[in-house]
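Structure first, commentary second.
2 protein chains.
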Amino acid sequence: MIQIAVIGYGTVGSGVVEVIGRNHDEISKKAGEEIYVKYILDLRDFPGDPYEDRVIHDVAAIMEDPEIKIICETMGGIRPAYDFTKQALLQGKSVCTSNKELVATHGPELIRIATENKCNYLFEASVGGGIPIIRPLNYSLTAEKIDSIVGILNGTTNFILSKMETEGADFAEVLKEAQDNGFAERNPEADVEGHDACRKIAILSSLMTGKNVRYEDIYTEGITGITAVDFRYAKSMDMTIKLLAVSVMLADRLYAYVAPFMIGRDHPLYFVHDVFNAVYVHGNMLGDSMYYGRGAGKLPTASAVVSDVVDCARHLGKTIMCFWDSENVQLAPVDERIGRFFVRVAASAGVSKRAAERFGDITVISPQAEDEFAFLCGPVSEAEFAAKAAGLDGLISRIRLN
Amino acid sequence: MIQIAVIGYGTVGSGVVEVIGRNHDEISKKAGEEIYVKYILDLRDFPGDPYEDRVIHDVAAIMEDPEIKIICETMGGIRPAYDFTKQALLQGKSVCTSNKELVATHGPELIRIATENKCNYLFEASVGGGIPIIRPLNYSLTAEKIDSIVGILNGTTNFILSKMETEGADFAEVLKEAQDNGFAERNPEADVEGHDACRKIAILSSLMTGKNVRYEDIYTEGITGITAVDFRYAKSMDMTIKLLAVSVMLADRLYAYVAPFMIGRDHPLYFVHDVFNAVYVHGNMLGDSMYYGRGAGKLPTASAVVSDVVDCARHLGKTIMCFWDSENVQLAPVDERIGRFFVRVAASAGVSKRAAERFGDITVISPQAEDEFAFLCGPVSEAEFAAKAAGLDGLISRIRLN
Chain A
0 MIQIAVIGYG TVGSGVVEVI GRNHDEISKK AGEEIYVKYI LDLRDFPGDP
50 YEDRVIHDVA AIMEDPEIKI ICETMGGIRP AYDFTKQALL QGKSVCTSNK
100 ELVATHGPEL IRIATENKCN YLFEASVGGG IPIIRPLNYS LTAEKIDSIV
150 GILNGTTNFI LSKMETEGAD FAEVLKEAQD NGFAERNPEA DVEGHDACRK
200 IAILSSLMTG KNVRYEDIYT EGITGITAVD FRYAKSMDMT IKLLAVSVML
250 ADRLYAYVAP FMIGRDHPLY FVHDVFNAVY VHGNMLGDSM YYGRGAGKLP
300 TASAVVSDVV DCARHLGKTI MCFWDSENVQ LAPVDERIGR FFVRVAASAG
350 VSKRAAERFG DITVISPQAE DEFAFLCGPV SEAEFAAKAA GLDGLISRIR
400 LN
Chain B
0 MIQIAVIGYG TVGSGVVEVI GRNHDEISKK AGEEIYVKYI LDLRDFPGDP
50 YEDRVIHDVA AIMEDPEIKI ICETMGGIRP AYDFTKQALL QGKSVCTSNK
100 ELVATHGPEL IRIATENKCN YLFEASVGGG IPIIRPLNYS LTAEKIDSIV
150 GILNGTTNFI LSKMETEGAD FAEVLKEAQD NGFAERNPEA DVEGHDACRK
200 IAILSSLMTG KNVRYEDIYT EGITGITAVD FRYAKSMDMT IKLLAVSVML
250 ADRLYAYVAP FMIGRDHPLY FVHDVFNAVY VHGNMLGDSM YYGRGAGKLP
300 TASAVVSDVV DCARHLGKTI MCFWDSENVQ LAPVDERIGR FFVRVAASAG
350 VSKRAAERFG DITVISPQAE DEFAFLCGPV SEAEFAAKAA GLDGLISRIR
400 LN
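Sequence lines, in order, name chains A and B. For the first sequence, numbering that gives the first Met the number 0 begins at 0 and goes up steadily by one. For the second sequence, numbering that gives the first Met the number 0 begins at 0 and goes up steadily by one.
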């Protein structure tokens with residue numbers, strides 16, 4: 000029997016306990032031994048909960064118990080999760096986490112401590128919820144030079160954008176509906192401003208390069224500026240709008256950014272709707288591959304945490320290889336990214352001529368709102384586009400094209 | 000340095016050598032040691048080949064060389080691959096293979112021999128080419144009860160069906176084109192009759208159940224009967240036709256079959272075109288997930304073989320857990336499968352009434368060919384459908400609905 004502790008008995012933590020309970024036999028078989036939840040750490044009590052008797056309030060009981068070999072950290076946030084994780088790893092206890100913020104911020108240090116103490120710090124659940132993506136990158140695509148990762152990594156924003164597309168509604172309206180239905184947080188900033196996706200692509204970029212990609216260095220733009228009219232334009236071009244998290248290696252320089260993009264039907268991510276997530280990976284031998292599934296939710300995320308527990312159980316006393324050094328990657332400035340843009344400006348005499356003068360070859364798009372002129376331009380660098388767009392009278396908005 | 004041998008220097012075997020050469024540094028890093036191809040076994044000589052000096056004709060040199068720890072079996076077919084594999088495993092040499100026929104036929108025995116000899120028999124490349132699917136099933140979805148797997152597992156048939164859809168052409172015509180372009184074999188039976196997909200779903204079903212699913216027990220129907228008119232009907236219903244390989248657990252009984260199905264836009268497999276493959280997996284906690292990519296081709300398949308080599312290198316002297324017992328699974332009779340059907344019959348007076356009398360509630364579909372009557376019926380068991388359809392005058396064809 001392998002005894003474990005769950006720290007943080009919120010949505011994911013209670014999911015972990017539920018998954019271990021409901022799939023007890025399968026999990027024990029896969030782990031090679033029975034997995035038993037000995038402690039659940041939380042500040043609160045849970046009277047009436049079937050696991051009420053396992054709930055404790057002092058982390059010391061876990062840290063001091065030599066029988067505890069594996070800890071599930073499902074608290075979220077940096078503190079005190081960071082301290083607990085470090086303390087556990089220093090004692091040779093493996094930690095499995097869904098905490099993307101902590102992984103993105105202290106990943107290399109915690110992985111190093113795990114290695115030094117012959118245990119593991121695993122984080123399958125930190126990206127893509129239940130979609131296996133960390134393990135495929137670390138264990139499966141080992142014969143590849145991975146040169147790009149493009150993901151829809153946030154369920155809330157994908158749900159909102161899908162709703163805006165199908166209902167023709169505006170952002171604020173759909174956000175409110177999503178909040179009322181529990182698909183978006185009361186404070187939605189981390190999702191809708193792209194911060195959540197940013198942390199996740201930082202983790203994937205680090206695994207792709209084997210070095211550390213700081214999330215603070217990643218250009219991040221959310222979806223709050225996207226409107227129903229933008230979707231009408233997208234539809235008229237047989238495209239849709241998705242919040243993409245991108246990490247791409249071009250001429251040995253890494254570009255990483257999060258932003259809404261228009262994408263066409265020829266892209267597999269076009270078809271990723273609602274709360275689903277997908278990660279599109281390109282390797283130099285394999286070409287394209289994609290990993291798709293529920294990117295959030297109690298049980299899917301918990302299932303990923305438990306798959307890490309199984310992996311730790313199979314490797315007690317041994318560190319599984321993971322390449323994520325502390326050396327920071329110098330990202331290419333996003334200003335130098337080359338791409339195409341969709342642009343809306345206020346209609347006025349000669350606007351077409353002025354746009355063409357600035358951007359060269361433009362493709363005019365039929366207006367989907369009164370008194371507007373819309374066009375596609377590029378390829379052009381972000382910096383050049385910004386400079387030229389700044390001088391364009393009546394600029395309404397611009398969206399990047401994939 | 001870890002020395003390996005490649006047996007069979009055809010498409011995949013030469014791909015393995017190429018991948019190891021081109022991604023040498025990445026692979027050595029991931030494996031923890033340099034991977035060196037010491038021998039290439041083939042009946043032929045390869046004058047002028049950069050690896051000409053490694054080519055040998057006698058397998059004994061490999062078997063008797065204690066430095067060889069890992070063998071890539073890329074010969075295909077049962078004999079002599081089976082004998083070579085067994086001999087290698089008995090000597091504690093791990094074997095990585097792309098040989099789906101051998102894996103489907105002798106998988107449990109070879110896995111057992113590997114376990115007994117503290118080495119590994121790995122077969123990531125046997126299903127889905129370069130798509131990581133075996134490892135996700137064995138290492139990632141370990142907290143799940145997997146209750147269904149639905150795959151597009153054959154690139155040739157998916158290419159043919161995609162072409163038939165976009166060009167409105169008939170099967171024979173597209174097959175010829177595919178053969179001329181090298182996308183289909185001169186003898187295409189293994190692909191177009193579904194045998195290849197059958198072996199692959201047998202492997203996936205075995206991993207799903209942990210027991211042995213015999214490919215001979217799987218009901219298999221190919222795509223040779225699918226016509227351009229069928230695609231016109233599919234299109235009129237906003238559907239397409241795909242060769243699906245299915246393994247689904249219903250009330251503790253496993254149904255497994257390969258057949259063309261009509262599927263709608265709401266199914267992620269709808270969007271899997273051309274030579275791409277995808278595997279759609281449902282687990283009781285995670286819900287749906289999908290793995291998508293190039294299901295065939297020299298480098299993608301070779302990349303999967305090499306990922307197995309890396310895994311073997313990381314686990315020298317230790318067997319990686321794999322659950323595939325020799326106990327045969329008793330499949331539920333396909334006759335008892337319940338589903339819906341699309342049916343075409345010759346138009347005649349009262350045909351609508353007769354169809355409704357037999358099948359109950361039917362949905363009439365606008366005819367897409369002269370003198371035809373078409374409808375959807377079910378849910379109904381395969382046996383009941385077959386009995387009723389047999390008595391229906393002028394039956395032209397039927398296709399299952401997903």
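Note that beta-carbon positions come from the ideal geometry of N, C-alpha and C, so glycine has one too.
Check, Outcome
"Members of the region 92 to 125 of chain B near chain A, C-beta cut-off 8 Å", "Glu123"
"Local conformation of Thr226 of chain A per DSSP, three classes", "coil"
"Beta-carbon neighbours of Asp310 of chain B, restricted to chain A and to distances below 8 Å", "Tyr138 and Thr141"
"Residue-level contact to chain B via CB, Tyr291 of chain A, 7 Å cutoff", "yes"
"Interface partners of Pro135 of chain A on chain B, CB under 8 Å", "Pro131, Arg134, Pro135 and Ser139"
"Exposure of Gly31 of chain A, with buried meaning 16 or more beta-carbon neighbours within 10 Å", "exposed"
"Three-state secondary structure (DSSP) of Phe158 of chain B", "helix"
"Where the beta strand (DSSP E) containing Ala346 of chain A begins and where it ends", "No beta strand (DSSP E) holds Ala346 of chain A; DSSP gives it neither H nor E."
"Beta-bridge pairing of Gly286 of chain B - partner residues as DSSP gives them", "B:Gly282"
"Contact list for Gly224 of chain B against chain A, beta-carbon separation under 8 Å", "Within 8 Å Cβ-Cβ: nothing; Gly224 of chain B doesn't reach chain A, min ~28 Å."
"Within chain B, partners of Arg252 of chain A - CB distance below 8 Å", "Residues of chain B passing the Cβ test: none, with the nearest at roughly 18 Å."
"Selection from A:Asp392, A:Val328 and A:Ala386 that minimises the alpha carbon distance to Arg353 of chain A", "A:Asp392"
"For Gly12 of chain B, three-class secondary structure by DSSP", "helix"
"Limits of the unbroken beta strand (DSSP E) element including Gln367 of chain A", "That residue, Gln367 of chain A, is in no beta strand (DSSP E); it is neither H nor E in DSSP."
"Leu400 of chain A: contacting residues in chain B (beta-carbon distance under 7 Å)", "In chain order: nothing, as chain B lies at least about 20 Å away."
"Neighbour flag for Phe158 of chain B against chain A, beta carbons, 7 Å", "no"
"Whole-angstrom distance between Asp82 of chain A and Glu63 of chain A, CA atom to CA atom", "15 Å"
"Unbroken alpha helix (DSSP H) run spanning Gly106 of chain B, endpoints", "Lys99 to Glu115"
"Distance between Pro49 of chain A and Pro107 of chain B (C-alpha atoms, nearest Å)", "40 Å"
"For Thr239 of chain A and Arg78 of chain A, the rounded distance between their alpha carbons", "39 Å"
"Neighbouring residues, chain A, relative to Asn22 of chain B (Cβ below 8 Å)", "Ala142, Glu143, Lys144, Asn283 and Met284"
"Per DSSP, the bridge partner or partners of Val309 of chain A", "Val309 of chain A is not bridged to any residue."
"Sequence-distant residues of its chain with Cβ nearer than 7 Å to Ala168 of chain A (five each side left out)", "Lys162 and Ala227"
"Start and end residues, beta strand (DSSP E) containing Ala147 of chain A", "The question names Ala, but residue 147 of chain A in the sequence shown is Ser. Per DSSP, Ser147 of chain A belongs to the beta strand (DSSP E) from Ile145 to Ile151."
"Rounded straight-line distance, which links the Cα of Glu220 of chain B to that of Leu89 of chain A", "57 Å"
"Where Met320 of chain A meets chain C, residues with beta-carbon distance less than 8 Å", "Here the protein chains are A and B, and chain C is not one of them."
"Extent of the continuous beta strand (DSSP E) to which Met248 of chain A belongs", "Met238 to Leu249"
"Cutoff 7 Å: Glu63 of chain B Cβ touching any chain A Cβ", "no"
"Amino acids of chain A, ordered along the chain, whose beta-carbon sits closer than 8 Å to that of Ile26 of chain B", "Thr141 and Ala142"
"Inter-residue CB distance, Ala373 of chain B and Tyr254 of chain B (contact presumed, cutoff 8 Å)", "Between Tyr254 of chain B and Ala373 of chain B the Cβ distance is about 27 Å, and since that is not below 8 Å, they are no contact."
"Within-7 Å CB hit, Leu249 of chain A to chain B", "no"
"6 Å Cβ shell around Arg343 of chain B - same chain, five flanking residues per side excluded", "Glu371, Ala373, Ile395 and Ser396"
"DSSP bridge partner residues for Ser380 of chain A (one or two, in chain order)", "A:Ile337"
"Interfacial residues, the region 263 to 276 of chain B to chain A, with Cβ spacing under 7 Å", "Pro267 and Phe270"
"Exposure label - Ile1 of chain A; buried when at least 16 CB within 10 Å", "buried"
"Span of the beta strand (DSSP E), counted from its first residue to its last, around Gln2 of chain B", "Ile1 to Ile6"
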